[in-house]
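Be aware that the sequence shown starts at 5, since it is given in this note's numbering, and climbs by one per residue. Idealized CB from N, CA, C, for every residue including glycine. Please read these numbers as outputs of a predicted model, since none were measured by experiment.
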Amino acid sequence: MRRCFLIMLVGCVLFIGCGSDKNKSSDLAIVNNKPITNEEFDAYLKFKRTPAKDEKLYNSILDQYIEREALASVIETEKVLDNLLLQAELNEFRKEMMISRYFEKFLNEKVTEQTIQNYYNTHANDFDERKAHAAHILIRTNPKMTEPERKVKLTTAQEAYSQIKTGKDFASVAKDYSEDKISVKKGGDLGWIKEGTIDAHFSKTVFELKPGSVSEPFETPFGFHIVKLLEGPQIIKKPLKTVAGDIRYQLRNQAKKTEVDRLMAKTKVVKYNK
């Protein structure tokens, strides 16, 4: 059974349904002679995205809702606010909410998981990446180095390259010389790298090599590199799960623009210059 009580807040809030089920009456309470209906409160719950199944949560939110109604009712009678300004703000909020809700519903129906899958299937080539499996030896430089210091680094890179050319294992030389703290632990192995990444010169050198071949020392902003192409290059397709978010974003933007254009075409706007 529902509790029945009065809350005195300048005006009077009356809860309906003493000893009755809340679904048997369309009114949940009366605030200064204004009824709060089941339908009104259900709409509020949907707006707040709150489930009505939890009785305790339902009653807690209802109490808060009634308190807000009571406060608004009293403040309105005080007439201390600029009603025209308040009404303008309310109208603007209503328009914003209406537009937001419309496009939320429209886009959720327009761009589904199946839509994303279909786009992925029909634009398969867009998700191809050219990758190569490479290893490198890095002898670091920095812009503050003097020319003599830079030449010392180049000499070190050339020494490493000479050892590889005389038959020493690339991974072994990498562990002895490379200053890349991450890849050195794996004999210089960088894994599969995407064409165009790291550095333009680095990428060009890697993708021009033949599998198993080693480059001469060359310089990038990171320092002097010696690169070995382990595998590839190969065309590898990005899996759907890694690009679904980007596809969704793109399709939603396109769909929204198209719908905005459609809606605007149905309106007649006359703008006067002052």
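Spatial neighbours of L194 in its chain, beta-carbon cut-off 7 Å, leaving aside the 5 residues before and after: A138, A139, H140 and S187
Cβ pair P215, Q162 closer than 9 Å: no
Euclidean distance between Cα positions of A33 and Q254: 47 Å
Same chain only: Cβ atoms within 7 Å of D132, ignoring 5 sequence neighbours per side: I239 and K241
F174, DSSP secondary structure in three states: helix
Distance cut-off 8 Å: K232 Cβ against heavy atoms of the ligand FAD: Of the ligands one can find in the structure shown there are none, so the ligand FAD has no counterpart to examine.
K232 in three-state terms, based on DSSP: strand
Status (buried if at least 16 other CB within 10 Å, exposed otherwise) for I230: buried
Segment limits, beta strand (DSSP E) that includes L267: Element bounds for L267: not the beta strand (DSSP E) but the alpha helix (DSSP H), L244 to A269.
K157 versus A259, G227 and F206, residue with shortest Cα-Cα distance: G227
Whether L111 touches K261 by CB criterion (9 Å): no
Distance, V210 Cα to K198 Cα: 10 Å
Reduced DSSP category for P215 - H, G, I as helix; E, B as strand; rest coil: coil
For I65, the first and last residue of its enclosing alpha helix (DSSP H): E59 to E82
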